[in-house]
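J.: Residue numbers (our numbering), protein chains in the order written: chain F, 4 to 504; chain W, 147 to 313. Before we start, here is the structure in question, set down as structure tokens.
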Amino acid sequence: MFDKILIANRGEIAIRIIRACRELGIKTVAVYSDADRTSLHVAMADEAYNIGPPPPTESYLSIEKIISVAKRSGADAIHPGYGFLSENHLFAEACEREGIVFIGPSSEAIRLMGDKITARRIAQEARVPLVPGSDGAVSDVEAEVIAKKIGYPVMIKASAGGGGKGMRLVRREEDFKSSLRMARSEARSAFGDDSVYIEKFIERPRHVEIQIIGDAYGNILHLFERECSIQRRHQKVIEEAPSPAISPRTRKRMGEVAVRVAKAVSYRGAGTVEFILDQNENFYFLEMNTRIQVEHPVTEMITGFDIVKWMIRIAAGEKLTLTQEDISIRGHAIECRVYAEDPERNFLPSPGKLEYVRTPGGPGIRDDSSIYSGCEITPFYDPMLSKLIAWADTREEAIKKMRNALREYIVLGVKTNIGFLRRVMENEEFIKGEFDTGFIDRHPELLSPSVDTQNLEPALVAAAVAMKDSTKKEEGKTEQGPVSYWKLFGRKIAVMRNQLI
Amino acid sequence: MMLTFKFRDQIYRVSMEEGDQTEIEIESKRIPLEFRKIDGNFYSIIVEGKSIGAGILRKGRNIQVFIDGDLFEFEAISERERAKAKGGASGTQEIKAPMPSRVVKILKREDEEVEEGEGVIVIEAMKMESELKSPMEGKIREVRVKEGDTVESGVVLVVISPNEASQ
Chain F
4 MFDKILIANR GEIAIRIIRA CRELGIKTVA VYSDADRTSL HVAMADEAYN IGPPPPTESY
64 LSIEKIISVA KRSGADAIHP GYGFLSENHL FAEACEREGI VFIGPSSEAI RLMGDKITAR
124 RIAQEARVPL VPGSDGAVSD VEAEVIAKKI GYPVMIKASA GGGGKGMRLV RREEDFKSSL
184 RMARSEARSA FGDDSVYIEK FIERPRHVEI QIIGDAYGNI LHLFERECSI QRRHQKVIEE
244 APSPAISPRT RKRMGEVAVR VAKAVSYRGA GTVEFILDQN ENFYFLEMNT RIQVEHPVTE
304 MITGFDIVKW MIRIAAGEKL TLTQEDISIR GHAIECRVYA EDPERNFLPS PGKLEYVRTP
364 GGPGIRDDSS IYSGCEITPF YDPMLSKLIA WADTREEAIK KMRNALREYI VLGVKTNIGF
424 LRRVMENEEF IKGEFDTGFI DRHPELLSPS VDTQNLEPAL VAAAVAMKDS TKKEEGKTEQ
484 GPVSYWKLFG RKIAVMRNQL I
Chain W
147 MMLTFKFRDQ IYRVSMEEGD QTEIEIESKR IPLEFRKIDG NFYSIIVEGK SIGAGILRKG
207 RNIQVFIDGD LFEFEAISER ERAKAKGGAS GTQEIKAPMP SRVVKILKRE DEEVEEGEGV
267 IVIEAMKMES ELKSPMEGKI REVRVKEGDT VESGVVLVVI SPNEASQ
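See the structure below:
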């Protein structure tokens, strides 16, 4: 087993990995940019090193800096988390070259699956169903011809894409040119590559994905599916497992197909095979993510399988001790991603200082977050504040738990999507499990609280209390604080050092 | 003490009296009230046996109240401002940068006409592009930025004036 692991990430996932390392008795090394000196992952790790200015390209995306910290600190492995360098095959390659273990698949598997067009070809060879579309990147002219041939609506997608960036839905031929321009421009600024491909758009699709895990000895298991259809701007906000939309038969077939895709690239570590599901339970391969997913906790909750710990064990050369038959689904789990964003302004990010945070709790509630009262949400990184996860015996109970947990959550200082998430948990269609990726667009009423809400009166009372309490504070604000113990402590250390010298 | 709050363009008046006990009057109902700050910005308020747990943050005249997962943003306004607010708007409207961002594309030029809800400018923040739309039908009077500019939150990007016909 490893002695020390460097975590090339920040935020909640860095903390999730630190916790897994602690349980395995492994020391942890954090890296941080100038904007993250006061981030929680830094305080929680055993060692921490600054890797430069806030823009990711100068810190968290710098292969050179991260490898150099790994060597300096004597880390024998690197966990990349999600985002940043996690799906960069050059980074995995650099680790391989330097004799540092990259906790994830081979650089080769990352490279093959990272290119969406190659991934499609591999899936095709593995007899995996595919959505009709262009065979690879296309020129502007080709794009329009293919779009016309497969018929509108079509999707334009960035070849190097992910997370909804560089992606556009086009319903009418006359909108095609402008959408193509937007998609290319977004792809260029997000990935430095503006090549795009075209795909048939499936009406009222669901997004369902299979978690897989493979060891270095060719054993690959699937850990069932996650339903990720509740999306805004093509990015997931609510995920759950199992999916309320598929039959046990489809579940079994989907799992088998996902394992087949993973086997085609001799996959090692945790990965996700994403599918699009139509209204008749037909599913088509979308892409494979060669990293830990944001939404992995829902799978952990229903299977009891600790994915992050197993990623580390597998990277250290351990064999999977379970077989497919050992893994079963118990209960139901839902995850809500809490973001600093404004649902009323098209989910625009809302960076700023979190003046106050109060976190929910209780049986079956898990809060994977990195926030605290007083922490700063900077505009440099993803504005996710927390992943709130609820587990219960049934889906209905899990929804109730989530609804209550969201009512307990308090975040002051920035706008959040907490109220929006709670309203989704109260929505009839969601409760019935009848939804698809267009859910949010079809329910604009969920974006803002109705004005005749029953909480307006209590809120007014609270506002009056705010006015009164702050006036009172200003009156009695002259007393001197107690002697700082930190100062005394500092002096004591200084004195002791002098004696030693 | 008479307090006036604005919430989504609606005015609400709350009167708060202090004797042996704090009392609150909402829409001519007088209710006794008691409150304690219990943790940071978290308050426990009891109104006739009804308990309210709320996160409260005051920044000058802006008050954020967080109850049951919903954020209520109030603006405390004085009597004088209330009278002035009845005056009415001058006609032009501004599109401001909602957060620190970069101008990616300007979709409308000066003197071009726009519909309400039509995209005027594309900005990028946190690696996400978003299109800012015109709040009204009219004509672009002024574009104050150019593509590639980095702007701070609140900076006016575009000024829109009403069409002559509609004036």
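Backbone N, C-alpha and C fix where the C-beta goes; we use that ideal spot for every residue, glycine too.
(1) Name, please, each residue of chain W whose Cβ falls closer than 7 Å to the Cβ of F/ARG361.
(2) What's the C-alpha gap between F/ARG333 and F/ARG124?
(3) From F/SER89 to F/GLU228, what does the alpha carbon distance come to, in whole angstroms?
(4) Measure the C-alpha to C-alpha separation of W/PHE241 and W/ARG154 and round it to an integer number of angstroms.
(5) Since F/LEU244 and F/ALA336 should fall inside the 8 Å C-beta cutoff, what is the C-beta to C-beta distance between them, to a whole number of angstroms?
(6) Tell me where the beta strand (DSSP E) around W/SER247 begins and ends.
(7) On the criterion of 16 or more Cβ atoms from any shown chain inside 10 Å, does F/VAL32 qualify as buried, or is it exposed?
(8) Secondary structure at F/ASN349, three-state DSSP: helix, strand or coil?
(9) Taking only runs of the beta strand (DSSP E) that begin and end inside the segment 161-212 of chain W, which ones reach a length of at least 3 residues, in chain order?
(10) Check the Cβ-Cβ distances between W/VAL211 and every residue of chain F, and say whether any is below 7 Å.
(11) Can you tell me whether F/LEU93 is buried or exposed? The criterion is at least 16 other CB atoms within 10 Å of its CB, across all chains shown.
(12) At what residue ranges does the segment 194-246 of chain F contain a whole run of the beta strand (DSSP E), taking only runs of 3 or more?
(13) Does the CB of F/SER473 have a neighbour CB from chain W at under 7 Å?
(14) Where does F/ILE310 land, buried or exposed, given buried means 16+ other C-beta within 10 angstroms?
(15) Return the residue from the list F/GLY221, F/PRO208 and F/ILE315 that minimises the CA-CA distance to F/LEU280.
(16) Would you say W/ALA271 and W/SER299 are within 7 Å of each other, going by their C-beta atoms?
(17) Could you tell me whether the Cβ of W/MET160 comes closer than 7 Å to any Cβ of chain F?
(18) Is the CB-CB distance between F/ARG174 and F/ALA186 below 7 Å?
(19) Are the segment 246-266 of chain F and the segment 213-226 of chain F touching by the rule of at least three beta carbon pairs closer than 8 Å?
(20) Report yes or no: is there a C-beta of chain F within less than 7 Å of the C-beta of W/GLU275?
(21) Where do the N-terminal and C-terminal ends of the beta strand (DSSP E) with W/GLN239 fall, by residue?
(22) Residues of the segment 29-45 of chain F in Cβ contact with chain W at a cutoff of 9 Å, in chain order, please.
(23) Distance cutoff 7 Å, beta carbons only. Does F/GLU482 sit that close to anything in chain W?
(24) So which residues of chain F does W/GLY195 contact, with C-beta pairs closer than 9 Å?
(25) At what residues does the beta strand (DSSP E) containing F/HIS335 begin and finish?
(26) How would you write the range of the alpha helix (DSSP H) that F/ASN407 sits in, first residue to last?
(27) What span of residues does the alpha helix (DSSP H) with F/MET428 cover, start to end?
(28) Measure the Cβ-Cβ separation of F/LEU463 and W/TYR158 and say whether it is below 7 Å.
(29) What residues in its chain sit with their C-beta under 6 Å from that of F/PRO132, if we drop five residues either side in the sequence?
(30) For F/ILE54, which of helix, strand or coil comes out of DSSP?
(31) Residues bridged to W/GLY265 by DSSP?
(32) Could you tell me if F/ASP371 is buried or exposed, where buried requires 16 or more neighbouring beta carbons within 10 angstroms of its beta carbon?
(33) Interface residues of chain F around W/ILE157 at Cβ under 9 Å?
(34) Tell me the rounded alpha-carbon separation between F/LEU491 and F/PHE423.
(35) Which residue's Cα is closest to the Cα of F/ARG425: W/GLU194, W/GLU219, W/ILE286 and W/GLY215?
(36) Flag F/GLY422 as yes if its beta-carbon sits less than 7 Å from any beta-carbon of chain W, otherwise no.
T.: On the basis of the supplied data:
(1) PHE188 and GLY201
(2) 35 Å
(3) 22 Å
(4) It should be noted that the sequence gives Ile, not Phe, for residue 241 of chain W. Looking at the two C-alpha atoms, the distance is approximately 19 Å.
(5) Note that residue 244 of chain F corresponds to Ala in the displayed sequence, not to Leu. Contact holds; Cβ gap of about 5 Å.
(6) 247-252
(7) buried
(8) coil
(9) 168-172, 175-185, 188-193 and 196-205
(10) yes
(11) exposed
(12) 199-203, 209-217, 223-235 and 238-244
(13) yes
(14) buried
(15) F/PRO208
(16) no
(17) In the sequence under discussion, the amino acid at residue 160 of chain W is Val, which differs from the Met named in the question. W/VAL160 counts as touching chain F.
(18) no
(19) yes
(20) yes
(21) 239-242
(22) none
(23) With a pLDDT of 40 at F/GLU482, under the threshold of 50, the predicted position of this residue should be treated as unreliable, though the coordinate-derived value follows. It does not; no Cβ of chain W falls within 7 Å.
(24) What W/GLY195 touches in chain F: nothing, since even the nearest Cβ is about 13 Å away.
(25) 335-342
(26) 398-411
(27) 421-429
(28) yes
(29) TYR287
(30) coil
(31) W/LYS279
(32) buried
(33) Near W/ILE157 there are no residues of chain F at all, since even the closest Cβ is about 11 Å away, more than 9 Å.
(34) Any reading at F/LEU491 must be qualified, since the residue scores a pLDDT of 49, below 50, and its modelled position is unreliable; no value is offered.
(35) W/GLY215
(36) yes
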